[in-house]
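This report concerns only the one structure given below.
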Amino acid sequence: MRKLVVLLCLLLMLTILVPMKGSAREVTYPNNDLLISVEETAQRLNEEHFIIVDTRSKGYTEGHIPGALPFDAAQLADKSHPVDGYLVRAEEFERLMNELEISNEDEIIVYDDGDDTAATRLFYALELYGHKKVRVLNGGLKAWKAQGKEVSTTPSEERKGSFKANMQANLEVEQDYVKASIDHPNKVLFDVRSKAEYMGEDVRAKRGGHIPSAVNLEWKKVLEDGEVPYFKGASVIEQMLEEAGVTREKQTIIYCQKAERASHMYFTLRLMGFEHLRMYEGSWEEWGNDPDTPIENPSEQ
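Positions 1 to 301 (UniProt numbering) are the ones given, in order, by the sequence shown.
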């Protein structure tokens, strides 16, 4: 009988200590505060400066986290810029945030369905323009629903917002900087598109392929498979990054097609404690449509 009790105790301890697959609630990351759980979000819904933003392009009226503000992340694309999808500049971003009724003192929680890039696109934009308190809901709305939390169809209440942008210019790099970073020993060009895009098999610009010396890991590989797209464990993500050639001591320049998937990887690297990050906002939309940029296209070899 005593042996049975001891065995049951050991099994109970293992259940507590070992996180269940698909749940990152027990997992910690170097910058763990950038990711917020469903449980904490639910507990803080009524706090005055705790602001939740639903970044989905559709579905808000059918059901959202109670009190969430609706914001279609597609508004972040500057329609007047020659590069399609390019992020709006500071003045326009201020206007959007003030229209959304956000203030600089707010703690902002962004979410989408969990396996999209809308929430992390807004996360990156807020950090680029100097907002210090922004977090991503782990698993997005899918996690919220999977844990049985209430969804609302009631529009958010009107509130007063006052947002002032303070651009962190060191986060962005332009085409000339990227050219100078090719084969640089202390920099890594990080292509987070699909393998088919990277190899030049899936062409979404005038030319296919990738920037010379760029390494590749598709952005969504950091998310769990299954019904709820939680972030994978820190050790798993660390190993994937190392195998791709992305390490902390080098400056990492991230790009995709229109910087949306790159924004998701930017968040992932921030979560993992990487500090030397740069975003190539023009991404392949600019590079692949410019006949004068060097490319590597393995599909043509």
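Even glycine gets a Cβ: it sits at the ideal position worked out from N, Cα and C.
Host beta strand (DSSP E) of residue i (start-end)
i	result
TYR86	First-last for TYR86: undefined, no H or E at that position.
VAL236	Unbroken run through VAL236 is the alpha helix (DSSP H), 234-244; no beta strand (DSSP E).
LYS187	187-191
TYR255	251-255
Cβ neighbours of residue i in the same chain (closer than 8 Å, five flanking residues each side left out)
i	result
SER57	ASP72, ALA73, ALA74, ALA118
ASN31	ARG270, LEU271, MET272, GLY273
GLY140	TYR111, ASP112, ASP113, GLY114, ASP115, ASP116, ALA119, PRO229
For residue j and residue i, the rounded distance between their alpha carbons
i	j	result
residue 303	GLU127	Only positions 1 to 301 of the chain appear in this structure, which leaves residue 303 out of reach.
GLY245	LEU171	21 Å
GLU99	ARG207	38 Å
ILE211	GLY233	29 Å
TRP287	GLN43	45 Å
ILE295	SER181	13 Å
SER162	GLU243	44 Å
ASN111	VAL53	Correcting the residue type first, residue 111 is Tyr in the shown sequence and not Asn. If I take the Cα positions, the gap works out to 6 Å.
ASP33	ASP292	42 Å
ARG248	ASN46	38 Å
HIS81	HIS184	29 Å
ASN289	GLU174	15 Å
SER37	GLU300	45 Å
Residues of its chain near residue i, where Cβ-Cβ distance is below 7 Å and the 5 sequence neighbours each way are ignored
i	result
SER194	ASP202, GLU218
residue 305	In this structure the chain extends from 1 to 301, so residue 305 is not present and cannot be described.
LEU35	TYR29, ARG135, VAL136, ASN138, PHE231, LEU271
ALA165	ALA90, PHE93, GLU94, TYR129, GLY130
ARG121	ALA73, LEU76, GLU260, SER263
6 Å Cβ shell around residue i - same chain, five flanking residues per side excluded
i	result
ARG261	THR117, VAL192, TRP219
ASP84	GLU285
GLY209	GLY200, ILE295, GLU296, ASN297
GLN251	LYS187, HIS276
ILE254	PHE190, ALA262, MET265, TYR266, MET279
Residue range of the alpha helix (DSSP H) that includes residue i
i	result
TYR266	260-271
GLN43	38-43
TYR230	Per DSSP, TYR230 belongs to no alpha helix (DSSP H) and is neither H nor E.
GLN175	175-181
TYR280	It is not in any alpha helix (DSSP H) - TYR280 instead sits in the beta strand (DSSP E) that spans 277-280.
GLU157	Counting along the chain, GLU157 falls outside any alpha helix (DSSP H), and DSSP gives it neither H nor E.
LYS195	195-198
TRP284	283-287
Environment of residue i [buried if 16+ CB atoms lie within 10 Å]
i	result
GLU91	exposed
ASP106	buried
PRO229	buried
ALA196	exposed
GLU48	exposed
VAL151	exposed
heavy atom of the ligand ZN below 7 Å from residue i C-beta
i	result
TYR280	Only the bare structure without any ligand can be found here, which leaves the ligand ZN out of the picture.
- Message: As an exercise, report each continuous beta strand (DSSP E) stretch of at least 3 residues that is fully enclosed by the UniProt domain "Rhodanese" (46-153), in chain order.
- Response: Scanning the UniProt domain "Rhodanese" (46-153) from its first residue to its last, the whole beta strand (DSSP E) runs of 3-plus residues come out as 50-54, 107-111, 134-137.
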